[in-house]
Amino acid sequence: MKKWFAVMGDPIKHSKSPTMHNAWFEEMSIDATYIPVHVSSENLESAVAGLKTLGASGWNITIPHKTAIIPYLDELDELAQKMGAVNTVVRTKEGRLKGYNTDGVGFVRSLEEAVGKSHQDKSVLLIGAGGAARGIAFAMQQQGYTNLTIANRTVANAQAIVDEMGIGNAISLAEAEETLADFGILVQMTSAGLATGNFSMPFSLERLAKGAIVADIVYNPLMTPFLKAAEEKGATVVTGLGMFVHQGAIAFEHWIGEYPNTNSMIAQLKAQLGGN
1 MKKWFAVMGD PIKHSKSPTM HNAWFEEMSI DATYIPVHVS SENLESAVAG LKTLGASGWN
61 ITIPHKTAII PYLDELDELA QKMGAVNTVV RTKEGRLKGY NTDGVGFVRS LEEAVGKSHQ
121 DKSVLLIGAG GAARGIAFAM QQQGYTNLTI ANRTVANAQA IVDEMGIGNA ISLAEAEETL
181 ADFGILVQMT SAGLATGNFS MPFSLERLAK GAIVADIVYN PLMTPFLKAA EEKGATVVTG
241 LGMFVHQGAI AFEHWIGEYP NTNSMIAQLK AQLGGN
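Residue numbers (full-length UniProt numbering): 1 to 276.
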């Protein structure tokens with residue numbers, strides 16, 4: 001029987017996930033399909049029940065449902081439990097719904113794919129303390145990055161993540177700007193990554209260390225204003241596209257049991273998004 005998968009969110013029409021997963025199914029000769037499903041917050045419980053009743057083998061969850069879906073799942077993977085957020089659901093052989101979070105590990109894979117695996121000892125500055133920051137902080141800790149500092153406008157939110165991890169420091173955005181030269185890796189996870197009309201940088205990059213690695217988790221646009229500013233200061237920049245593709249590939253592996261070709265997908269999506 002043909003398998004089918006989905007991505008649910010609000011909004012959802014902008015998502016590149018259907019393009020990505022359907023291309024992988026075709027490339028690997030897998031008889032399956034992947035569709036976008038627009039689900040508003042008030043319909044989330046019935047949407048989960050509907051996907052289960054209709055026989056979906058699994059699905060992805062995006063904004064704003066990553067935390068809200070948890071009560072409707074049967075079990076969580078350890079990392080998803082720590083993060084308090086789910087972006088991938090697997091329907092097990094027993095028919096149970098198991099939640100995973102592939103965002104953080106997807107980010108680490110994309111970072112190491114871009115700059116190599118020899119940077120675990122560098123001081124890392126995570127900018128932002130929302131759900132994405134939480135996921136990436138736990139994943140980086142799990143993958144051996146232990147010198148972590150989280151900067152946020154509300155320091156208490158950053159401190160909460162640091163307390164839960166048991167390592168790291170929490171600082172204000174002003175402190176981050178003052179001590180910027182101390183960090184070898186910066187990860188931008190606030191809305192500053194988005195090129196909107198009211199765009200403002202979280203802080204100045206004037207003190208950015210020479211040779212720093214600067215990543216943004218936004219993938220559209222590829223070169224966010226934050227990355228452009230970092231590149232002008234001589235940084236090695238890492239766009240959010242690799243994270244998007246690798247988090248999808250990890251989800252794909254949970255569903256299908258094989259890891260798809262991420263290199264060709266990154267190249268394909270980069271062309272679609274106007275990259276070079």
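Yeah, the Cβ is synthetic: ideal placement off N, Cα and C, and Gly gets one too.
Counting along the chain, where does the alpha helix (DSSP H) carrying residue 242 start and finish?
One-based indexing of the sequence shown puts residue 242 at position 242. Taken as a continuous stretch (DSSP letters only), the alpha helix (DSSP H) holding residue 242 covers 241 to 256.
Give the DSSP-derived three-state secondary structure of residue 64 in the structure shown.
Reading the sequence shown from its first residue, position 64 is the one you call residue 64. Note: residue 64 maps to coil in three-state DSSP.
Specify, as a first and last residue, the run of the alpha helix (DSSP H) that residue 159 falls within.
Reading the sequence shown from its first residue, position 159 is the one you call residue 159. Unbroken alpha helix (DSSP H) run through residue 159: 155 to 165.
The beta strand (DSSP E) that contains residue 9, what's its start and end?
Here residue 9 refers to the residue found at position 9 when the sequence shown is read from its first residue. Residue 9 -> beta strand (DSSP E) spans 3 to 9.
Tell me residue 36's beta-bridge partners as DSSP assigns them.
For the purposes of this step, residue 36 is taken as residue 36 along the sequence shown, with counting starting at 1. 7, per the DSSP bridge assignment.
From the DSSP output, which residues share a beta bridge with residue 100?
Your numbering for residue 100 matches position 100 in the sequence shown. Answer by DSSP bridge pairing, in chain order: 88.
Considering just the uninterrupted stretch of the beta strand (DSSP E) at residue 151, what are its terminal residues?
For this step, residue 151 is matched to residue 151 along the sequence shown. From DSSP, the beta strand (DSSP E) with residue 151 extends over 148 to 151.
Would you be able to state if there are at least three C-beta pairs under 8 Å between the stretch 168 to 181 and the stretch 142 to 155?
yes
Shorter than 6 Å, the distance from the beta carbon of residue 233 to the closest heavy atom of the ligand SAM, or not?
Only the bare structure without any ligand can be found here, which leaves the ligand SAM out of the picture.
Under the rule that 16 or more other beta-carbon atoms within 10 Å means buried, what is residue 259, buried or exposed?
The residue given as residue 259 occupies position 259 in the sequence shown. By the neighbour-count rule (16 or more Cβ atoms within 10 Å), residue 259 is not buried but exposed.
Just how far apart, CA to CA, sit residue 196 and residue 188?
For the purposes of this step, residue 196 is taken as residue 196 along the sequence shown, with counting starting at 1. For the purposes of this step, residue 188 is taken as residue 188 along the sequence shown, with counting starting at 1. Residue placement at residue 196 is poorly supported in this model, since its pLDDT is 49, which falls under 50; the coordinates still yield a value, given next. Each residue's Cα considered, the two are about 16 Å apart.
Use the C-beta contact count for residue 272: other C-beta atoms within 10 angstroms, 16 or more gives buried, fewer gives exposed.
Start at 1 with the first residue of the sequence shown, and residue 272 comes out as number 272. By the neighbour-count rule (16 or more Cβ atoms within 10 Å), residue 272 is not buried but exposed.
Does the stretch 250 to 264 touch the stretch 209 to 225, meaning 3 or more C-beta pairs lie closer than 8 Å?
No: fewer than three Cβ pairs fall under 8 Å.
For a test of the three-state rule: what should DSSP assign to residue 231, helix, strand or coil?
Position 231 of the sequence shown, counted from the first residue, corresponds to residue 231. Of the three classes helix, strand and coil, the one that applies to residue 231 here is helix, per DSSP.
Could you give the first and the last residue of the continuous alpha helix (DSSP H) run that contains residue 271?
Translated into positions along the sequence shown, residue 271 becomes position 271. Where residue 271 is concerned, the enclosing alpha helix (DSSP H) stretches over 262 to 272.
Helix, strand or coil for residue 49 per DSSP?
Working through the sequence shown from its first residue, we reach residue 49 at position 49. Residue state, collapsed to three classes: helix.
In terms of DSSP beta bridges, what is residue 59 paired with?
Indexing the sequence shown from 1 puts residue 59 at position 59. For residue 59, which the question treats as bridged, DSSP gives the partners 6, 89.
What three-state label does DSSP hand residue 127 in the structure shown?
Taking the sequence shown and counting its residues from 1, one reaches residue 127 at position 127. Three-state DSSP puts residue 127 in a strand.
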